[in-house]
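Chains as they are written, first to last, in this note's numbering: chain A, 12 to 236; chain B, 1429 to 1917; chain C, -11 to 241.
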Amino acid sequence: MTSTSAGNDARAEILGRVRSALRAVEPTPEPVLAPTTARTLGDAAAVDLFDERVADYRAVVERCTAGDLAARVGAALARHDATRAVVVPPGLAAALGVEESALAAAVPGAVADHDPGTGAHLTPYDLDRADAVVTAATLGIAETGTIVLDHGPGQGRRALTLVPDVHVCVVRTDQVVRDVPDAVTRLDPNRPLTWISGPSATSDIELDRVEGVHGPRTLHVLLVG
Amino acid sequence: MTGTFVGMPAFPSAAREALADTQLRHNLAHATGVIRGKRSRLVEEVDADVAGGGAGWEELRLAGAAVKQRALDALASHLEQLEASLTAAGATVHWARDAAEANAVVASVAKAHGADEVVKVKSMVTAEIGLNEALAEEGIAAWETDLAELIVQLGDDLPSHILVPAIHRNRAEIREIFLRKMAAVGRPAPADLTDEPAVLAAAAREHLREKFLRAKVGVSGANFAVADTGTLVVVESEGNGRMCLTLPEVLVSVVGIEKVVPTFAELDPLLRLLPRSSTGERMNPYTSTWSGVTPDDGPQEVHVVLLDNGRSRALADDTGRQALRCIRCSACLNVCPVYERTGGHAYGSVYPGPIGAILNPLLQGTGDEQTDSLPYASSLCGACFEACPVRIDIPEVLVHLRSKVVDSHRGDRVPKPEALAMKGAAWSFADASRLGLVERAAGFSGPFLKRLRRTPLPGAAAWADARDLPVPPKESFRAWWARTDGGRR
Amino acid sequence: MRVALSVTCINDTMFPGTGQAVVRLLRRLGVDVEFPAAQTCCGQPMVNTGYLDEAVPAVRSYVDAFAGYDAIVTPSGSCAGSARHQHALVGRRASEKGLDRSLEADLADAPPTYELTELIVDVLGVTDVGAYFPHAVTYHPTCHSLRMLGVGDRPLRLLREVRGLRLRELPAAEQCCGFGGTFAVKNSDTSVAMGADKVRHVRSTGAEVLVAGDNSCLMHLGGMLDRQRSGVRVMHLAEVLAATEDAPAEVVR
Ligand code: SF4
Chain A
12 MTSTSAGNDA RAEILGRVRS ALRAVEPTPE PVLAPTTART LGDAAAVDLF
62 DERVADYRAV VERCTAGDLA ARVGAALARH DATRAVVVPP GLAAALGVEE
112 SALAAAVPGA VADHDPGTGA HLTPYDLDRA DAVVTAATLG IAETGTIVLD
162 HGPGQGRRAL TLVPDVHVCV VRTDQVVRDV PDAVTRLDPN RPLTWISGPS
212 ATSDIELDRV EGVHGPRTLH VLLVG
Chain B
1429 MTGTFVGMPA FPSAAREALA DTQLRHNLAH ATGVIRGKRS RLVEEVDADV
1479 AGGGAGWEEL RLAGAAVKQR ALDALASHLE QLEASLTAAG ATVHWARDAA
1529 EANAVVASVA KAHGADEVVK VKSMVTAEIG LNEALAEEGI AAWETDLAEL
1579 IVQLGDDLPS HILVPAIHRN RAEIREIFLR KMAAVGRPAP ADLTDEPAVL
1629 AAAAREHLRE KFLRAKVGVS GANFAVADTG TLVVVESEGN GRMCLTLPEV
1679 LVSVVGIEKV VPTFAELDPL LRLLPRSSTG ERMNPYTSTW SGVTPDDGPQ
1729 EVHVVLLDNG RSRALADDTG RQALRCIRCS ACLNVCPVYE RTGGHAYGSV
1779 YPGPIGAILN PLLQGTGDEQ TDSLPYASSL CGACFEACPV RIDIPEVLVH
1829 LRSKVVDSHR GDRVPKPEAL AMKGAAWSFA DASRLGLVER AAGFSGPFLK
1879 RLRRTPLPGA AAWADARDLP VPPKESFRAW WARTDGGRR
Chain C
-11 MRVALSVTCI NDTMFPGTGQ AVVRLLRRLG VDVEFPAAQT CCGQPMVNTG
39 YLDEAVPAVR SYVDAFAGYD AIVTPSGSCA GSARHQHALV GRRASEKGLD
89 RSLEADLADA PPTYELTELI VDVLGVTDVG AYFPHAVTYH PTCHSLRMLG
139 VGDRPLRLLR EVRGLRLREL PAAEQCCGFG GTFAVKNSDT SVAMGADKVR
189 HVRSTGAEVL VAGDNSCLMH LGGMLDRQRS GVRVMHLAEV LAATEDAPAE
239 VVR
């Protein structure tokens, strides 16, 4: 779709009005750097804070070791009774650092998003029928208890972590940063990003928070390392 | 279909009606009280961090204000940069001078895909331009998917809050609306629906899911638009936003030109300020960012409509310009004593509360009775400025806009009684001897009170309706000082 | 230090007792405050209603009346706020429109305006002013004192030192009382609704006297308290602080 001539007129007119409105205003060329939380929070303290703050949103948070991980993924799915159809994004085993076979054993109901034979992806309806999704993450933000996905390998396209009702998300302790400014400098803005802070929720009824609307109603975080 | 605000009465009379609704006042006092408490606890948490080297809330506010001000101060070049980066990322950029142009773009995109419905993320700007009504005229249904917007849409109601458009409704009323209205537009509410918020939220989930899964076209606004990367940002809670942004094949985002943030890193203070100010959370459940089209992920056709609709007019106002920093957090509404008592409808606009009282006149200009009443809908108590995360000095802008309203009437052939009274005051305050004269003429004795009640001074009756007038003194201060030499005699 | 009293137009005409209390109190604290008779009004009623041109003569009279003093003290948070935050605006407009070309420059040379408690606590460094007031009191921090000036807890620190005074905490104290100048009549329904909540909170404290640093807010609240026959009296903070065992305050108004 190309811009219409009316659109071109609009563009010129808007930019013209904006320029004339700001004739006398001096621009600030340098980006504004917000103050960052300069406290000396050791890594362990950041991870503890992340753990606590994610749990504050009434997400499930469990710590485990790398060796344990595959089994703990299986246990998490079982705990939420979400074992029959579990969406598994491409590259998950590698991203989690577990053997393909160990993952397959832990997630017997695994459903791949992408069918290499037909080239097709799961439809929204397929995703709606799935019980759960298991993914890796890009980073975690301690201060706000936020997980960020950039939907790269092991995280899947955005719809995968949205439509199924249970999201089991694996975050490595070395992915935890302190606060939002640490996150924005590490993230790639050209990737689509999803920042997740707890299960879906609403404050729309009398401004009180209720967990569970359209996104996954259960968020289960496995903190590895 | 959601109603419109056309033909609303001026604030004082709309407020009188709202004040008489005790249920409304109860709902508002409860909801704003809850959110004020949550917000202030988080502000304290941020400030408590200062001891450990944290930033402190005021420093964050300064940074947030500076980022938005920097974006506005060179808005034209930031917009050009935004357009270039969006286009490079595969998006189609449209420009719209006004509501009609923006609505036409959305309708033509939907029609090009043969869509007779779109799913919508809650967005203030699409409410501002009346998109739903415009699409309905073209035979396209616009489904609101945010819970509060859904409540408003199903209830054939008007939004009354920026963040929670159905804040005027309590849980029992919401249950009633769901039971009566859901069936006509899709999956009915379960017959055993209770008024538990979790149960109501679950009913909304079931009702909207079929619409999300089949949607071809999604419509959104954006909280921020990053100029250097072409990244749009949507901040939300429920996941309805993610549904609309990811499942449809086509996405149209209507973005006010003031939403620009120069660089991606400068999102930082805003993402720290917004959720704490808005829902009183450290972070909202979901924030989505996307830059144009991502192959094999989400909509493969992405449109962005850059909308003026009065923003360049507001930008030209040196004092009012700061209002365009607004990130629509609604903190100013939640702390406003006027809003808390009248609710949002009295403001006659999708932008109610303190920000609405300045934004509407700035976007539309003065001259209309309803709009001109808005800058006066404030006691200038300053709670809004104190709460605003981007430090918009709302009281300053209110006073400035009052002067614009007054100035627009300076040429009137028959001046208002108030204008005459102010002229009289100006005369007597020019010179203390004149003021003394006025004081002596007033008498400072029994008849003064009676005369004040019958005075043509505007508002005397409005005052005396619920408030006794003070008993006037026998002698003014200046007369006392002169008589006693300041009490020394 | 030569300190001038800006008594404010409303205190001059309606509440002279407040001005007299300020004079007594400051003399007791060693400041022989003067009253320049040329003063009229700070211009706030006009500015806040949008009549900037009409505020020019008032601001001019303020500048002229107080020229040459070291400091101005006023028993009103909102008039102090007006002098500190609004006069520059009026001055700029007066210059731009040619209404009073030298006003802007003269304002730059004007002495600083202090709200009464700022002068006592910050300039004089006193919190115990030697007052005696044997009553149950609640204090409403008016908006302009609280938010425009940031007087903080200075008034409460002063009240806590008053002998015999029983201070009752006011619920939702920081909420506006609903006066707001011409707001009280332009939006009288909303103003009264706000005042009603404030009055309810005041009455819930069981205090005999409601104290504040602004008589305009007290006129509004006192008017409602009287209409309700509540028996709660309103008094300006200055009158409480001026009261002593030898010269007790009359709890009237
Ligand atoms: S004016 Fe400030 S407080 Fe009000 S909605 Fe906008 S950003 Fe929030």
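Ideal placement from N, C-alpha and C gives every residue a C-beta, glycine not left out.
Bridge partner(s) assigned by DSSP for residue i
i, result
"residue 223 of chain C", "C/199"
"residue 1648 of chain B", "B/1681"
"residue 60 of chain C", "C/-8 and C/101"
"residue 1716 of chain B", "A/205 and B/1662"
"residue 180 of chain A", "A/146 and A/232"
"residue 127 of chain C", "C/199"
"residue 97 of chain A", "A/121 and A/143"
"residue 75 of chain A", "A/235"
"residue 1522 of chain B", "B/1733"
"residue 152 of chain A", "A/157 and A/188"
"residue 120 of chain C", "C/151"
From the options, residue whose alpha carbon lies closest to that of residue i
i, options, result
"residue 1853 of chain B", "B/1842, B/1647 and B/1867", "B/1867"
"residue 31 of chain C", "C/177, C/118, C/-8 and C/77", "C/77"
"residue 1828 of chain B", "B/1733, B/1702, B/1742 and B/1583", "B/1742"
"residue 1437 of chain B", "B/1799, B/1892 and B/1896", "B/1799"
"residue 182 of chain A", "A/149, A/64 and A/132", "A/149"
"residue 1740 of chain B", "B/1507, B/1463, B/1774 and B/1447", "B/1507"
"residue 164 of chain C", "C/79, C/189 and C/152", "C/189"
"residue 1641 of chain B", "B/1696, B/1668 and B/1524", "B/1668"
"residue 175 of chain C", "B/1710, B/1512 and B/1893", "B/1893"
"residue 1670 of chain B", "A/135, A/76, A/109 and A/93", "A/135"
"residue 1448 of chain B", "B/1771, B/1856 and B/1542", "B/1771"
"residue 169 of chain A", "B/1833, B/1863 and B/1726", "B/1726"
"residue 1890 of chain B", "C/170, C/102, C/96 and C/187", "C/170"
"residue 191 of chain A", "B/1832, B/1916 and B/1715", "B/1715"
"residue 1495 of chain B", "A/188, A/44, A/184 and A/113", "A/44"
"residue 222 of chain C", "C/46, C/112, C/57 and C/128", "C/128"
Residue i: CB within 8 Å of a non-hydrogen atom of the ligand SF4
i, result
"residue 164 of chain A", "no"
"residue 34 of chain A", "no"
"residue 1772 of chain B", "no"
"residue 1789 of chain B", "no"
"residue 1471 of chain B", "no"
"residue 1823 of chain B", "no"
"residue 1761 of chain B", "yes"
"residue 1815 of chain B", "yes"
"residue 1818 of chain B", "yes"
"residue 1751 of chain B", "yes"
Residue i Cβ short of 8 Å to the ligand GTP heavy atom set
i, result
"residue 1802 of chain B", "As presented, the structure is devoid of the ligand GTP, carrying the ligand SF4 as its sole ligands."
Integer-rounded CB distance, given that residue j should sit under 8 Å from residue i
i, j, result
"residue 1817 of chain B", "residue 1489 of chain B", "6 Å"
"residue 1815 of chain B", "residue 1751 of chain B", "At roughly 15 Å, the Cβ-Cβ gap does not stay under 8 Å, so residue 1815 of chain B and residue 1751 of chain B are not in contact."
"residue 1812 of chain B", "residue 1764 of chain B", "6 Å"
"residue 119 of chain C", "residue 231 of chain C", "6 Å"
"residue 216 of chain A", "residue 1602 of chain B", "6 Å"
- prompt: Name the residues in the stretch 151 to 164 of chain A whose C-beta lies less than 8 Å from a C-beta of chain B; which are they?
  reply: Within the stretch 151 to 164 of chain A, the qualifying residues are 152, 154, 155, 156, 157 and 162.
Within 8 Å of chain B by C-beta, residues of the stretch 48 to 60 of chain C in sequence order: Answer in chain order: 48, 49 and 53.
- prompt: Relative to chain C, which residues along the stretch 1891 to 1910 of chain B have a C-beta separation below 7 Å, given in chain order?
  reply: Taking a C-beta cut-off of 7 Å against chain C, the contacting residues of the stretch 1891 to 1910 of chain B are 1891, 1893, 1894, 1895, 1896, 1897, 1898, 1900, 1901, 1903, 1904, 1905, 1906, 1908 and 1909, listed in chain order.
message: Along the stretch 201 to 213 of chain C, where does the CB come closer than 8 Å to a CB of chain B? Name the residues.
response: Hits within the stretch, in order: 207, 208, 210, 211 and 212.
task: Check each residue of the stretch 1781 to 1799 of chain B: if its Cβ is closer than 8 Å to any Cβ of chain C, include it; give the result in chain order.
output: The stretch 1781 to 1799 of chain B vs chain C, Cβ under 8 Å: nothing.
Residues in the stretch 176 to 208 of chain A having any Cβ partner in chain B nearer than 7 Å: The stretch 176 to 208 of chain A vs chain B, Cβ under 7 Å: 191, 192, 195, 196, 200, 201, 203, 204, 205, 206, 207 and 208.
- request: Please list the residues of the stretch 1849 to 1860 of chain B that have a C-beta atom closer than 8 Å to any C-beta atom in chain C, keeping them in chain order.
  value: Contacts with chain C (Cβ-Cβ distance below 8 Å) from the stretch 1849 to 1860 of chain B involve 1850, 1851, 1853, 1854, 1855, 1856, 1857, 1858, 1859 and 1860, listed in chain order.
- prompt: Of the residues that make up the stretch 1758 to 1781 of chain B, which ones have a beta carbon closer than 7 Å to any beta carbon in chain C?
  reply: Along the stretch 1758 to 1781 of chain B, going in chain order, the ones with a CB nearer than 7 Å to a CB of chain C are 1765, 1766, 1769 and 1770.
task: With 8 Å as the limit, tell me which residues of the stretch 1712 to 1727 of chain B have their beta carbon closer than that to any beta carbon of chain A; keep them in chain order.
output: Of all residues in the stretch 1712 to 1727 of chain B, those with a C-beta nearer than 8 Å to a C-beta of chain A are 1712, 1713, 1714, 1715, 1716, 1717, 1718, 1719, 1722, 1724, 1725 and 1726, reading in chain order.
- request: Anything in the stretch 1800 to 1818 of chain B with a Cβ closer than 9 Å to a Cβ of chain C? List those residues in chain order, please.
  value: Flagged, chain order: 1801, 1803, 1804, 1805, 1806, 1807, 1808, 1809, 1810, 1811, 1813 and 1814.
task: Would you list, in chain order, the members of the stretch 1519 to 1533 of chain B that have their beta-carbon closer than 7 Å to a beta-carbon of chain A?
output: So the list reads 1520, 1522, 1523, 1524, 1525 and 1529, given in the order they occur along the chain.
message: Against chain B, which members of the stretch 97 to 118 of chain A pass a CB distance test of less than 9 Å?
response: For the stretch 97 to 118 of chain A, the set of positions with a beta-carbon nearer than 9 Å to some beta-carbon of chain B is empty.
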